[in-house]
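Below: one structure, written as structure tokens.
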Amino acid sequence: MDLLAQLNEPQRKACTQTRGPVLILAGAGSGKTRTLTYRVAHLIENVGVDPSAILAFTFTNKAAREMLERIDELMGTEVSRRMWVGTFHAISVRILRRDIDRLGFSRQFVIYDADEQKSVMRTVVRDLGWDEKKFAPAALLAAVSRAKNSFIGPKNWNDVSFFGRKVQEAYTRYQERLIALNALDFDDLIGYTVTLLEQHPDVLKRYHQRFQHVLVDEYQDTNLAQYRMIEAIARGSGNLCVVGDDDQAIYAWRGADMRNILEFQKHFAGATVIRLEENYRSTAVILEAANAVVKHNRERLGKALWTSRQGGAKIRWYRSADEESEAWYAAEIIHEAVGRGLSPGDCAILYRTNAQSRALEMALTRAGIGYRLVGGKRFYERKEVKDLLAYLKVIFNPLDDVSLLRIINFPRRGLGDVATRHLVEASQAQGIPLYDALGEAAMISGLTSSAQKSAVELWAQFQAWRDQVDEDLAELVRRVAEESGLRQQFESEGGHEAEERMENLGELISEAKRFMDSEGVSDLGEFLGFLALVSDWEATEDKGQGAWLMTVHSAKGLEFPLVVLVGMEEGVFPHMRSIADNLVEEERRLCYVALTRARDELYVTAAETRTMMGHTEAHAISRFVAEIPPNLVEDAQNQDSAARRRAAVATGVPAGGYRVGDRLRHPRFGWGTLVSQRGSGDDLELTIAFSGGGVRSFLAKYAQLGREREQSSG
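Quick note on the working numbering: the sequence shown kicks off at 21 and runs consecutively.
Laid out in structure tokens, this is it:
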């Protein structure tokens with residue numbers, strides 16, 4: 021049987037072009053993993069290559085496992101066991117375990133994870149006598165990581181700015197400390213491997229003799245260190261095959277260098293380029309839209325996806341009033357889809373930043389739709405959100421020792437474990453709350469003078485916030501985020517994760533603004549009660565089933581029958597930071613990734629106004645939406661959204677009836693939001709979530725409910 025008979029012509033060529041450098045440009049959904057697997061099988065079965073002479077690099081352990089499993093299916097486990105297949109880090113460890121002593125390390129080296137790296141850098145900062153608030157270990161480590169991946173050591177450092185010189189000093193001490201501990205961080209694994217291969221020809225020769233074929237997956241995501249590792253090992257045989265998609269290069273913020281794939285033919289003379297353009301995933305409409313968007317980029321090698329699937333539903337475009345309405349629309353779409361026979365797990369809602377998940381989580385929860393959040397914790401479970409809420413809880417209730425203990429030394433203010441223990445013991449001995457012990461810290465023995473000063477200052481700050489508690493709620497939340505040092509803490513850490521943390525703080529400020537607008541009150545206690553109710557709803561959701569919620573970055577490599585892409589506004593997607601830093605082409609590639617996640621149905625939405633950092637602003641529609649040809653888009657704007665919502669959650673509701681999302685007032689429990697309804701006529705039962713008052717169900721006939729405003733049925 022012809023091993024390659026199941027492949028299309030470009031895939032077969034990618035498998036049979038076995039000599040010299042080969043670049044396989046594999047578009048989204050074009051069978052990349054299948055092609056790689058069959059190439060390995062062809063090398064072994066038809067070319068006669070020994071499995072132990074094949075080295076394959078992947079970016080994740082999951083990808084490595086998938087490749088090995090597919091090889092097992094084709095050729096058996098005896099073949100896969102003899103190959104080297106793994107991540108760059110895993111392959112590096114195998115090489116270093118044998119020869120790292122050439123670099124002055126013991127072969128019994130340990131590998132430090134992120135927490136251990138931070139602990140080492142924290143020691144460095146302390147030894148240098150620096151203020152950790154100004155020189156956050158996380159920020160220093162991020163700078164060191166970027167340097168290592170670009171092969172910039174402490175001795176050839178070239179950043180002469182004030183912070184740059186501080187990084188160089190910390191970098192020097194940090195690396196000295198790691199060497200003394202016989203420890204490597206993750207960046208060292210690849211860096212030292214390259215150093216070993218480049219400085220010890222006999223070691224490199226061993227791998228040249230062993231590996232006759234080198235394969236690399238996701239080549240567009242490689243950085244300089246990884247490129248040098250690949251080039252060094254593949255130099256022996258010259259048989260290098262890389263697979264990637266320049267249109268899906270979306271990790272520059274992680275240090276990936278897109279030039280590696282763009283300049284492959286320059287780096288490896290005589291390279292063959294093979295394009296896999298037949299897509300086995302999406303409809304022709306979706307592919308045409310994705311092609312139309314990404315072709316606006318100048319930095320690309322060029323290809324056009326196509327499919328034998330003809331036609332397909334048009335892309336549905338919807339512009340809502342705000343992010344809350346947008347979230348409701350997304351929930352309605354999924355309700356309808358489930359009603360048509362899809363499972364919730366067939367549906368995904370994609371967004372640009374994690375902070376956008378809050379409104380979506382709330383809408384899905386209130387609509388009774390289970391969901392799974394990928395790539396992050398649920399909004400109210402995120403550390404930075406819980407930290408800011410802890411400050412607010414202490415302001416509202418100074419007796420809340422649990423919340424106070426959470427943030428008593430975060431951000432760091434000189435109230436570490438020892439000082440905190442003295443404060444707790446004093447409060448217990450005197451029978452007073454921990455909060456009061458802060459104010460009386462000057463009289464507590466065992467505390468250093470600096471700890472006493474910090475404790476009293478924290479108490480005074482809380483008192484100042486308590487004096488403002490009856491003023492503008494959103495402004496109070498904003499001031500606490502700023503004056504507590506939380507925002508500055510994350511800002512100083514730098515990097516993608518820190519930016520997301522700051523955006524989440526901003527989303528909580530925005531939630532306070534929305535609460536004020538919807539409730540007509542500025543009451544911290546009611547706000548905290550409302551949030552407790554929301555987070556309780558989230559906690560009861562089935563995390564094993566339901567619709568998918570994730571950022572576009574998290575969605576790469578996945579596919580879904582139905583996709584709702586939200587937040588398509590200038591400043592949101594493309595992100596304002598990318599616009600300011602002239603990185604719109606990477607944002608456009610990210611949009612291309614988002615569009616090509618959909619198999620059959622694609623919905624694209626934007627909000628006219630969006631509340632960010634407590635400010636409600638109008639946003640223009642994303643330039644990427646304008647780049648989709650109009651003939652591929654159907655405007656859903658004029659549909660009867662209210663009727664669609666009612667059809668999704670109930671039947672038989674009379675004209676003028678209720679709809680999920682209505683603001684209703686109960687004579688005893690006050691204002692609440694209708695979250696579900698069932699039955700009709702005299703048996704119509706309404707379930708309402710009240711701010712701080714729980715979720716309650718009533719027969720509409722007897723509930724004596726008032727409305728915020730009269731609403732028509734059409």
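We put the beta carbon where it would ideally sit given N, CA and C, even for glycine.
Excluding the five sequence neighbours on either side, which residues of its own chain have a C-beta within less than 6 Å of the C-beta of residue i, listed in chain order?
i: Lys52; result: Ala46 and Val263
i: Ser100; result: Leu88, Ile91 and Asp92
i: Gly434; result: Ser470, Ala471 and Ser474
i: Ala368; result: Trp568, Phe580 and Val583
i: Gly388; result: Ser696
i: Ala48; result: Thr616
Using a Cβ-Cβ cut-off of 8 Å (strictly less than) and excluding sequence neighbours within five positions of residue i, which residues of its own chain qualify?
i: Glu605; result: Asn317, Arg318 and Glu319
i: His109; result: Phe206, Leu209 and Ile210
i: Leu370; result: Met570, Thr571, Val572, Ala575, Val583, Val584, Leu585, Val586, Ala614 and Arg617
i: Glu589; result: Ala626, Ala627, Arg630, His639, Ala640, Ile641 and Ser642
i: Arg32; result: Leu24
i: Thr55; result: Leu27, Gln31, Ala34, Cys35, Ile44, Ala46, Val263 and Leu296
i: Ser345; result: Ala627
When burial is assigned at 16 or more other CB atoms within 10 Å of the CB, is residue i buried or exposed?
i: Phe482; result: buried
i: Thr80; result: exposed
i: Thr736; result: No statement about residue 736 is possible, as the shown extent of the chain runs from 21 to 734 and does not include it.
i: Ser377; result: buried
i: Pro650; result: exposed
i: Phe182; result: exposed
i: Lys533; result: buried
i: Asn602; result: exposed
i: Gly173; result: exposed
i: Pro41; result: buried
So the alpha helix (DSSP H) residue i belongs to, where does it begin and stop?
i: Trp337; result: Not the alpha helix (DSSP H): Trp337 falls in the beta strand (DSSP E), residues Ile335 to Ser340.
i: Phe157; result: A quick correction: the sequence has Pro, not Phe, at residue 157. Pro157 -> alpha helix (DSSP H) spans Pro157 to Asn169.
i: Ile64; result: Lys52 to Glu65
i: Glu117; result: The amino acid occupying residue 117 in the given sequence is Arg; Glu does not appear at that position. Taken as a continuous stretch (DSSP letters only), the alpha helix (DSSP H) holding Arg117 covers Phe108 to Asp119.
i: Tyr132; result: It is not in any alpha helix (DSSP H) - Tyr132 carries neither H nor E in the DSSP assignment.
i: Asp437; result: Asp437 to Gln450
i: Thr327; result: Unbroken run through Thr327: none, as it is neither H nor E.
i: Glu29; result: Glu29 to Thr36
i: Ala350; result: Glu343 to Gly359
i: Tyr391; result: Careful: Tyr391 lies outside any alpha helix (DSSP H), inside the beta strand (DSSP E) at Tyr391 to Leu393.
Pick from the options: whose alpha carbon is nearest that of residue i?
i: Phe171; options: Asn243, Asp151 and Gln137; result: Asn243
i: Leu419; options: Leu458, Gly395, Val405 and Arg301; result: Leu458
i: Ser139; options: Pro157, Tyr623 and Gly49; result: Pro157
i: Arg727; options: Gly40, Gly526, Asp682 and Gly290; result: Asp682
i: Ala309; options: Val645, Leu725, Glu460 and Ile708; result: Val645
i: Gly332; options: Leu578, Arg301 and Thr385; result: Arg301
i: Thr36; options: Thr292, His287, Asp543 and Thr78; result: Thr292
i: Glu343; options: Glu503, Lys186 and Glu637; result: Glu637
i: Val422; options: Val444, Pro431, Arg432 and Glu401; result: Val444
i: Asp267; options: Ile294, Leu384, Ala324 and Gln219; result: Ala324
i: Val624; options: Leu704, Leu384 and Arg372; result: Arg372
i: Leu235; options: Arg59, Ala304 and Gly365; result: Arg59
i: Glu477; options: Glu491, Asp487, Asp490 and Ala462; result: Ala462
i: Gly124; options: Gly566, Asp366, Asp151 and Leu198; result: Leu198
i: Thr693; options: Leu622, Glu539 and His355; result: Glu539
i: Leu506; options: Leu525, Ala494 and Gln488; result: Leu525
i: Met249; options: Cys611, Asp537 and Ile115; result: Ile115
i: Val19; options: Val164, Cys611 and Ala375; result: The first residue shown for the chain is 21 and the last is 734, placing residue 19 beyond what the model contains.
Ignore the nearest five residues each way along the sequence and tell me which others in residue i's own chain have a CB closer than 7 Å to its CB.
i: Thr57; result: Met87, Arg90, Ile91 and Leu94
i: Ala83; result: Asp237
i: Asn169; result: Asp207, Asn243, Leu244, Ala245 and Gly275
i: Arg442; result: Here the sequence assigns His to residue 442, which means Arg is not the residue at that position. Counting only Cβ-Cβ distances below 7 Å, and skipping sequence neighbours, we find Ile464, Gly466 and Leu467.
i: Asn429; result: Leu435, Gly436 and Thr440
So the beta strand (DSSP E) residue i belongs to, where does it begin and stop?
i: Arg197; result: Segment Phe182 to Ala200 is the alpha helix (DSSP H) holding Arg197; no beta strand (DSSP E) there.
i: Gln697; result: Gly690 to Arg698
i: Pro581; result: Phe580 to Leu585
i: Tyr568; result: The sequence given here has Trp at residue 568, not Tyr. Counting along the chain, the beta strand (DSSP E) containing Trp568 begins and ends at Ala567 to Thr571.
i: Val42; result: Val42 to Ala46
i: Thr97; result: Segment Thr97 to Ser100 is the alpha helix (DSSP H) holding Thr97; no beta strand (DSSP E) there.
i: Thr707; result: Glu705 to Phe710
i: Tyr371; result: Cys367 to Tyr371
Is there a C-beta anywhere in chain D that falls below 8 Å from the one on residue i?
i: Asp205; result: Absent from the structure is chain D; it holds one protein chain and no more.
Taking the runs of the alpha helix (DSSP H) that are 4 residues or longer, which of them lie wholly in the region 214 to 268? Here the runs fully enclosed are 221 to 230 and 244 to 254.
Contained alpha helix (DSSP H) runs [length at least 4] in the region 485 to 544, N- to C-terminal order: Qualifying alpha helix (DSSP H) stretches, in chain order: 493 to 503, 506 to 513 and 515 to 539.
Unbroken alpha helix (DSSP H) runs of length 4 or more, entirely within the region 585 to 640: which are they? Runs of the alpha helix (DSSP H) inside the region 585 to 640: 596 to 600 and 604 to 615.
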